[in-house]
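Residue numbers 1 to 313, in the UniProt record's numbering, belong to the letters of the sequence shown in order. Every residue gets a Cβ at the ideal spot worked out from N, C-alpha and C, and that includes glycine. For clarity, every value in this text was computed on a predicted model and none was experimentally measured.
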Amino acid sequence: MALSYHDALVFSGSLKLKTAAEDFSVFPPFEIRSGAEQRVPFLFNSPHSGRYYPERFLAMARLDRNAIRRSEDCYVDELFGGAVALGAPLLAANFPRAYLDVNREPWELDPRMFAEPVPSFCNIRSARVAGGLGTVPKLVGEGLDIYSGRLPLAEAVARIEAVYKPYHETLKRLLTRTHARFGFAVLIDCHSMPASIRVGDSGLRPDFIIGDRFGISATAALTETAIGLLTAMGYTVAHNKPYAGGFITEHYGRPARHLHALQIEVNRGLYMNERTFERAVGFDALADDLTRFSADLMSMPDHHFVDLPLAAE
C-alpha cells in the first residue's frame with residue numbers, strides 16, 4: 001500500500017530531513033540577485049544553472065563530476081545576469097538539476113527509483129517521469145543513470161521539503177510583490193539546450209526556442225516581441241518546438257490575471273564547449289546581446305500586459 005504524505009515524513013525521520021538541509025548549510029541552495037530597487041515589472045529565473053554539487057550527493061551517484069553535469073544549464077544565470085543592472089531581480093539556483101528539478105511538479109516521482117512505495121498523491125505517469133526526468137531525476141544527459149541502485153524515499157521527501165518548496169515560495173513571493181507594485185508581472189524563465197537539438201523535417205538548428213505553452217502562459221505580444229528581437233539580431237528562433245515551457249511557465253503564467261511567463265532556451269553551442277564545460281569565445285558577445293534583448297523586452301508598453309480580452313484559463 002502506498003504511503004500517505006504523513007507516513008512519508010514519519011518514515012523519512014528528522015535525521016534524513018536534516019541531512020538534506022545540511023547539503024546546503026554552508027552554500028545556499030539558491031539566491032536572489034538584485035539591485036537596491038526593482039525598477040521594472042520583470043523577474044528572471046534560472047532554475048537549472050546550479051553548479052554546486054554537494055559531496056554527499058556525489059557519493060550517492062555512479063557518475064563522475066563531469067558526466068553528472070550533462071543536464072546542467074551551464075552559465076545561463078551569467079548570460080542573463082545583465083538584467084539585474086536593468087532593475088530586474090534574478091532568482092538563480094545553486095543546487096544542480098541532477099539533484100532536484102524545480103521545473104517539475106513537487107511530487108513528480110518515478111516509483112522505480114525508490115526502495116519504498118511512493119505516496120499515492122505522486123504523479124508517477126507523466127511523460128517527464130517516463131523519460132527519467134522527474135522532480136528527483138533518474139537520468140542526466142542522453143540517458144545516463146545517476147544512481148546505481150534505489151534511493152530511500154526519505155531522500156526525495158527531504159530534498160522537496162528542504163529545497164524545492166522554499167525555492168517556489170521565494171519565486172511566488174517575488175512575483176506577488178512585482179504584481180502588487182506594478183499591476184502586472186512578467187517572468188522570464190531561462191534555460192539552455194544541447195547544440196544537437198533540431199526542429200522539424202528541415203533539421204533546423206535553432207539558436208533560441210521561445211516557449212509560451214502554445215499561447216497559454218503569456219500575451220501574444222510578449223512572445224512576438226521576443227522572437228522579433230532575437231531574429232533582428234541575426235539569431236534563428238523556434239517557437240514552442242520542441243520546448244513549449246515546463247512546470248514553471250505553465251504554473252505561473254496566468255495572462256488573465258496579468259501574470260505572464262515566457263521560457264527561453266539558448267543553444268549551448270553558441271557559448272560553451274559541451275564536452276569540457278568551458279566558455280566559448282562568443283560567450284561575452286552573447287551575454288551582451290541578451291542584456292540588450294532584455295532591455296528592449298522591458299521597454300514594451302504596459303498595455304500589452306494589462307489590456308487583455310477576458311478568456312478562460
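Which residues DSSP lists as bridging residue i, in chain order
i    : result
Q263 : D189, G211
E31  : A92
F42  : V186
D145 : L139
R254 : L259
A61  : Y147
V199 : L204
M272 : R279
Neighbourhood of residue i by C-beta distance below 6 Å, restricted to the same chain and skipping five residues each side
i           : result
D73         : H48, S49, H191, S192
V291        : Here residue 291 turns out to be Thr, not Val, going by the sequence shown. G82.
F30         : A93, N94, Y167
N240        : G211, F214
P42         : Checking the sequence shown, residue 42 turns out to be Phe, not Pro. Excluding residues within five positions, the ones whose Cβ falls inside 6 Å are A88, V186, M298.
V40         : G87, A88, M298
A221        : H304
T19         : none
P301        : none
residue 317 : Here the chain has residues from 1 to 313 only, and residue 317 is not among them.
H179        : A185
N123        : E105, E108
A59         : none
A287        : L79
M272        : C74, R279, A280
Y99         : F57
Residue i vs residue j beta-carbon contact at 8 Å
i           : j    : result
T249        : R275 : no
V76         : S34  : no
I160        : P106 : yes
R128        : R104 : yes
G134        : E108 : yes
L308        : T219 : yes
D23         : F57  : yes
V237        : F208 : yes
L153        : A115 : yes
I188        : F44  : yes
residue 314 : L262 : Since the displayed the chain opens at 1 and closes at 313, residue 314 lies outside it and no answer follows.
G253        : I227 : no
L230        : F293 : yes
V199        : P242 : yes
Sequence-distant residues of its chain with Cβ nearer than 7 Å to residue i (five each side left out)
i    : result
P269 : Before going on, a small fix: residue 269 reads as Gly here, not Pro. Correct list, in chain order: A195.
A295 : L86
V306 : G183, F184, H258
R150 : M113, F114, A115
V84  : R33, S34, G35, L90
R69  : F277
Sequence-distant residues of its chain with Cβ nearer than 8 Å to residue i (five each side left out)
i    : result
G143 : G132
R62  : D145, I146, Y147, S148
P28  : N94
R173 : none
L204 : R198, T236, A238
A244 : G211, D212, R213, F214, Q263
Residue i - containing alpha helix (DSSP H), residue span
i    : result
A238 : Element bounds for A238: not the alpha helix (DSSP H) but the beta strand (DSSP E), 237–239.
M233 : Element bounds for M233: n/a, residue is neither H nor E.
E161 : Looking at the DSSP string, E161 is not in any alpha helix (DSSP H), and its letter there is neither H nor E.
V76  : 76–79
L133 : Here L133 belongs to no alpha helix (DSSP H), and DSSP marks it neither H nor E.
F305 : 303–306
G82  : 82–85
Residue i: CB within 7 Å of a non-hydrogen atom of the ligand GTP
i    : result
V237 : Absence of the ligand GTP from the depicted structure is noted, as is the absence of any ligand whatsoever, leaving it without description.
Scan the region 93–131 and note each continuous alpha helix (DSSP H) run of 4 residues or more that stays entirely inside, going in chain order. Counting only unbroken stretches of 4 or more residues, the alpha helix (DSSP H) elements lying wholly within the region 93–131 are 127–130, in sequence order.
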